[in-house]
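Student: Chains as they are written, first to last, in the working numbering: chain A, 87 to 575; chain B, 87 to 575. Ideal placement from N, C-alpha and C gives every residue a C-beta, glycine not left out. Can you keep this structure in mind? I'll have questions shortly.
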């Protein structure tokens, strides 16, 4: 952390600012392999907490974890017609193993529908074997040409859920349950409120019947597709002969869903909450929630302050008021680094709360608590500090969500605008624009070509405008749907 | 679980028995990709609990998790002379990506020393940047020709720790700390007591200065190398220019360690504890600790018994006597499956404790607890059931460890034996043989060729014989070391 150069500001260059924060907060680093990144402990700690929260939610809704092979026989990818078109161009191909050329090349999984449904076909005979609700935490590879740390990398980490059901409606319900889990996770843990809805045909998953997505607004007013949940219909079941005998004795194809979120979420967290001083991490996802910085001038003070800081840390970490979820606290006891430099560094790294403890604070049996989100400072008594810190962290968490939601609404446009204004807006500061669409894919393609904006989704009811837009943004024809337009990552 | 064929017995065919248990207990399945397996929820649940326990121990000793790329440039593998000899023959090679032939082929990581130390070289300038103590949970690929479920697969899951230190002694200490963590985990969680010690030159990791290992005895008296911890010296630091400025200002190469355990441990658990009825899982690693089987004959009884079984489960899971670590309990409420069939199935799957609850038990406000390890049954009062069940699970855990330890000692030979007897033993029932060795690699190679037994390790002090063997098992020359001989997986 010896690097004292100022961060690029968001206003000057949002993309440059993003890279600066990711690298300088040591969330990730470039690797010697083109397009592949290294996730450093600071970034991985956030991902681990994301994993833990999501995993708990998946298990609470009856899902189990399993693990399927990294390699997929090339022929498998070709069994579902849309799927191969979507993924074959991005394939990483293993042609040699153990010094021999392989009879059939292997694809490094870009997603695991094909290999997983081929296994389900082996495991399922009767309706009694359904539903299967399995998730896996894994790495996948898509040969992207233009990569960005966390947002788009050749290899990334994710979870992919794959379920099989006896009926269409049960699969559809599963798809929606997962979408609501993703939304709850993004709001309650990431403090990143997404708009949820249905993808248009041109944006849906290769091989799906319907794709639902969470679309979050970043601070440059672009959308980040942060999680998707697919109703796959019977497409893969037919391609892989995933059949079962129904209760009435007939042989039927199963109905599948798949759904995933990835390390891209860490990038979304940075672009939702970061500021010109670096990262801001929502407390619930912060590997360190509280950094304690003792301040001393003499050797005698040093011993006394260090001891007090360690005691304060122990008081906080041993407090049982949050049950199993203990406060995550660290003391920065480094010598030869000034307090100001420590503040700068921990702000950069996004620790939600800093506690400063100097000789005069100690005399008053108090400390100074500095919030990372608002940068407000307040003196807190050392007596009964843990409940006060815990309450403050909750306020930070909810304030970050409220701020992000307000920001999104302030940059959302629901009033009818002309296509001319829309083009200017998308060429400039951007926005989430809710507007009517005549349902024609050619209109969608034209807007994308002219403005780079795309239909992010047909918003779910609670995100729709009232009254509903009556005219198509582009053609002025009667609107068939209300859609959300934005430029996207 | 409709498969009622009898399991192969251990006595008839240990290897066939092992495959039967893994497949029928639904721990894993064969996949369509040669040598790659699918880890099913029953097996993955055990692995998840292993991960959680080890991860906690790593973090308690100052390690952090991170993630490094799956792909390694082919040239990296060649930078350390021994390393490339060890791993290049087993490489899976990606030659094409995104439809293009790659300028430099990429190796799917067989282990990550090369890519990780190339990153550490970028991150480390001064002694202040040391130590680095990072672990990653990842998949790796080694192109094995003969594969076995869990024990030897093309792809496997593992953790690999990689550390960098300023001195040899600090690296050596780290290597030993990790070995002791592995041993404690295997004893206290897996109930699989290993012998620990140093590998000979011929068995050490490709590129290491010293390799330490945990060697556990399976029920066929063969050794399973269950975890290794390597002091890499400065070999990789020199190959990847991992240097730092010392406190005195000189430029020095860092000292590295690496260490890992893998999903192979699940295979070790099966071969340590399984019996002719299937798997036995140590309670601490069991995804389900207690299976409750309600027994009814009439519809009226069914409603009453199901209600009582659910109440019993709730009482157990809500009990706080183990703190955060709640009892893991499930009720088998399936209709149309007889109690006996349920018992058979849960025994096969290795659930440590079964609770049978019938109408007469309920009248007496009692239930029957059946241990999976000893198959003993006892009646327990429903009142204050949770502490009784918890204590019983602890007894099962410690009994399994004691049984495994006794078994190992009963099949260990410490008295001097002739090489002739040794050969007969290794061709027959096998054993762990502690004996003298003159230190000559040619003797080691000859024994391997003649008996398939290898030196598993130079045992750590507490595993050595007293008095120490004075003569070499093979040549009769004075012994330089006491070594542990066994046939191994």
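#1: Can you check whether the C-beta of residue 229/A is within less than 8 Å of a C-beta belonging to chain B?
#2: Go through its chain and collect everything with a Cβ distance to residue 242/B's Cβ below 6 Å, but skip five positions before and after it.
#3: Would you call residue 428/A buried or exposed, if buried means 16 or more other Cβ atoms sit within 10 Å of its Cβ?
#4: By DSSP's criteria, residue 557/A is part of a beta bridge. Which residues make up the other side?
#5: Decide if the stretch 176 to 187 of chain B is in contact with the stretch 199 to 218 of chain B; the criterion is three or more beta carbon pairs, one per stretch, under 8 Å apart.
#6: Residue 130/B versus chain A: which residues are under 8 Å apart at the beta carbon?
#7: Note down, in chain order, each residue of its chain lying with its Cβ closer than 8 Å to the Cβ of residue 86/B, except the 5 sequence neighbours on either side.
#8: When you check each C-beta in the stretch 394 to 422 of chain B against every C-beta of chain A, which residues fall closer than 7 Å?
#9: Cβ of residue 312/B within 8 Å of Cβ of residue 351/B?
#10: Closer than 6 Å by C-beta to residue 355/A: which residues in its own chain qualify, once you throw out the five before and the five after it? Chain order, please.
#11: Name the chain B residues whose beta carbon is nearer than 9 Å to that of residue 243/A?
#12: Could you confirm whether any beta carbon from chain B is found closer than 8 Å to the beta carbon of residue 157/A?
#13: Following the continuous alpha helix (DSSP H) through residue 132/B, name the residue where it begins and the one where it ends.
#14: Put residue 209/B into one of helix, strand or coil per three-state DSSP.
#15: Please report the Cβ distance between residue 522/B and residue 555/B, rounded to the nearest whole angstrom; I am assuming they are in contact, meaning their Cβ atoms lie under 8 Å.
#16: Mind checking which residues open and close the alpha helix (DSSP H) that includes residue 157/B?
#17: Does residue 163/A come out as helix, strand or coil in the three-state DSSP assignment?
#18: Can you pull the DSSP bridge partners for residue 153/B?
#19: What residues are listed by DSSP as bridge partners for residue 301/A?
#20: Pick from 234/A, 560/A, 457/A: whose alpha carbon is nearest that of residue 508/A?
#21: Could I get the ranges of all uninterrupted alpha helix (DSSP H) runs contained in the stretch 193 to 259 of chain A, with 4 residues as the minimum, in chain order?
#22: So with CB distances below 8 Å, who are the chain A contacts of residue 122/B?
#23: Where does residue 497/B sit, in a helix, a strand or coil, going by DSSP?
#24: Using the C-alpha atoms, what's the distance from residue 341/B back to residue 320/B?
#25: Pair every Cβ in the stretch 101 to 111 of chain B with every Cβ in the stretch 131 to 143 of chain A, then say whether three or more of these pairs are closer than 8 Å.
#26: Going along the stretch 323 to 347 of chain B in order, which residues come within less than 7 Å of chain A, judged by CB to CB distance?
#27: With burial defined as no fewer than 16 other Cβ atoms inside 10 Å of the residue's Cβ, what is the status of residue 423/A: buried or exposed?
#28: Answer yes or no: do residue 472/B and residue 418/B have a C-beta to C-beta separation smaller than 8 Å?
#29: Let me know the alpha helix (DSSP H) ranges lying completely inside the stretch 437 to 493 of chain B, each 4 residues or longer, listed in chain order.
#30: Please tell me whether residue 381/B and residue 365/B are closer than 8 Å, where the distance is taken between their beta carbons.
#31: For residue 328/A, which of helix, strand or coil comes out of DSSP?
#32: Check the C-beta distance from residue 486/B over to residue 447/B and give it rounded, since I have them as a contact under 8 Å.
#33: May I ask you to verify whether the stretch 154 to 163 of chain A touches the stretch 120 to 127 of chain B, counting CB pairs closer than 8 Å and requiring at least 3?
#34: At the 8 Å Cβ level, is residue 108/B part of the contact set with chain A, yes or no?
#35: Would you call residue 476/A buried or exposed, if buried means 16 or more other Cβ atoms sit within 10 Å of its Cβ?
#36: Let's see if you can read the secondary structure: which residues bound the alpha helix (DSSP H) around residue 398/A?
Tutor: In short, the structure shows the following:
#1: yes
#2: Residues 348, 349 of the same chain have their beta carbon placed closer than 6 Å to that of residue 242/B, with the five preceding and five following residues left out of the count.
#3: Buried, by the Cβ-count rule.
#4: Its beta-bridge partners are 564/A.
#5: no
#6: 150, 151, 152, 153
#7: This structure cannot settle anything about residue 86/B, because the visible part of chain B is limited to 87 through 575.
#8: The stretch 394 to 422 of chain B vs chain A, Cβ under 7 Å: 410.
#9: yes
#10: 276
#11: 153
#12: yes
#13: 127 to 146
#14: In the structure shown, residue 209/B sits in a helix (DSSP, three-state: H, G or I).
#15: 4 Å
#16: Looking at the DSSP string, residue 157/B is not in any alpha helix (DSSP H); the run it does join, the beta strand (DSSP E), is 157 to 159.
#17: helix
#18: Answer by DSSP bridge pairing, in chain order: 125/A.
#19: 281/A, 311/A
#20: It is 560/A.
#21: 199 to 209
#22: 155, 156, 157
#23: coil
#24: Roughly 5 Å separates the two Cα atoms.
#25: no
#26: none
#27: exposed
#28: no
#29: 445 to 449
#30: no
#31: In the three-state reduction of the DSSP assignment, residue 328/A falls in the coil class.
#32: About 27 Å; that fails the 8 Å criterion.
#33: Under the three-pair Cβ rule at 8 Å, the stretch 154 to 163 of chain A counts as touching the stretch 120 to 127 of chain B.
#34: no
#35: buried
#36: That run of the alpha helix (DSSP H) goes 385 to 404.
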